[in-house]
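Novice:
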Ligand code: KG4
Ligand code: ZN
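Below, the structure is given as structure tokens:
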């Protein structure tokens, strides 16, 4: 059994995954304490991880009905992410692995998102490479060519904000609570997506993304309309803004599929919950796989899944492993 931990942002997560990819427990403790600030406060996140790490591990073991005696590999996210937050999860994993003399697998968070597709779930068959993978969350937005189970190539990434970040900032401008995604989607459902023309970063070459201009466009539109008119047109603004994000993501996927001729598309990250995005991507002519929501957003099951295919570091060498805030891919 693999015991995995994930703590790169504000979710404290532990999971138990078998070596052939069955999910036995997936515990996610969302801290919630950051919502009042409209974003994640790194130091607050680290402190909460410290309080929650052992509890989520105990919970995961209990849910899987196993003890540490059944664990043969410990895995943890080593980066990229908030370095203080990562250190808590990685150190907890080191402590458990050291106490048991077990190997530890340091997992790249982004590889984890990709590897969510390799889990064996009742309602979802594991996806076999090669495929195109779009990961869009509050922290990252990138397109990857997944050639095998252990690695991927970044084909394009955001040059500024992540898609989820743009969604949250746009939602905030429209007076919606954080995190804005579900609220924006709900408001947009009652609006006209063609009421306002918002930029879709067509000028950005290749397969990269850009959302900063879109965010500014919404800011100016709201300002030009004035508070009262903007309130009255909130649903139209939300629908148009959401459409611009969905269109940008979908057109990049379309372009990538044309260029690579990859036979399938997988989706991950919190933005994958968005209905209009799923609908649009389902129409691109290749099979679309979207893991269940709890496996799209940050979770430790995906870290355990990735660890099945990655080299582990034996004890005591793994005690020297370090967390990294930015990955080798520059993401
Ligand atoms: O993967 P995630 O839970 O956390 C990280 O960012 O790591 O992604 C959160 C992001 C937030 O920006 C949130 O607003 C967005 O996913 N999101 C959505 C929806 N649900 C969550 N965006 C659009 N539509 C949704 N239904
Ligand atoms: Zn993530």
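In the numbering used here, the protein residues as written are 112 to 442.
We treat Cβ as the ideally placed atom computed from N, Cα and C, and that holds for glycine.
In this text, all values refer to a predicted model and were calculated from it rather than measured experimentally.
Does the Cβ of residue 409 lie closer than 7 angstroms to at least one heavy atom of the ligand KG4?
Specialist: yes
Novice: Does the ligand FMN have even one heavy atom less than 7 angstroms from the beta-carbon of residue 206?
Specialist: Looking at this structure, you won't find the ligand FMN anywhere; what it does contain is the ligand KG4 and the ligand ZN.
Novice: Relative to the C-alpha of residue 421, which candidate in 152, 165 and 188 has its C-alpha closest?
Specialist: 188
Novice: Starting from residue 117, follow the beta strand (DSSP E) in both directions and report where the run begins and ends.
Specialist: Per DSSP, residue 117 belongs to the beta strand (DSSP E) from 113-117.
Novice: So what does DSSP say about residue 311, is it helix, strand or coil?
Specialist: coil
Novice: List the whole-angstrom C-beta distance separating residue 118 from residue 196, where the pair is believed to meet the contact cut-off of C-beta under 8 angstroms.
Specialist: 5 angstroms
Novice: Distance, Cα to Cα, residue 135 vs residue 179?
Specialist: 14 angstroms
Novice: Around the Cβ of residue 252, are there at least 16 other Cβ atoms within 10 angstroms (buried) or fewer (exposed)?
Specialist: Residue 252 should be labelled buried.
Novice: Name, in chain order, the residues that DSSP records as bridge partners for residue 133.
Specialist: 231
Novice: Anyone know if the C-beta pair for residue 165 and residue 400 falls short of 8 angstroms?
Specialist: no
Novice: Let me know if residue 398 comes out buried or exposed under the rule of 16 or more other beta-carbons within 10 Å of its beta-carbon.
Specialist: exposed
Novice: If you run the structure through DSSP and keep just helix, strand and coil, what is residue 360?
Specialist: Note: residue 360 maps to helix in three-state DSSP.
Novice: Counting beta carbon pairs with one atom in the segment 288-303 and one in the segment 345-356, are three or more of them shorter than 8 angstroms?
Specialist: yes
Novice: Whole angstroms is fine: what's the gap from residue 114's alpha carbon to residue 123's?
Specialist: 14 angstroms
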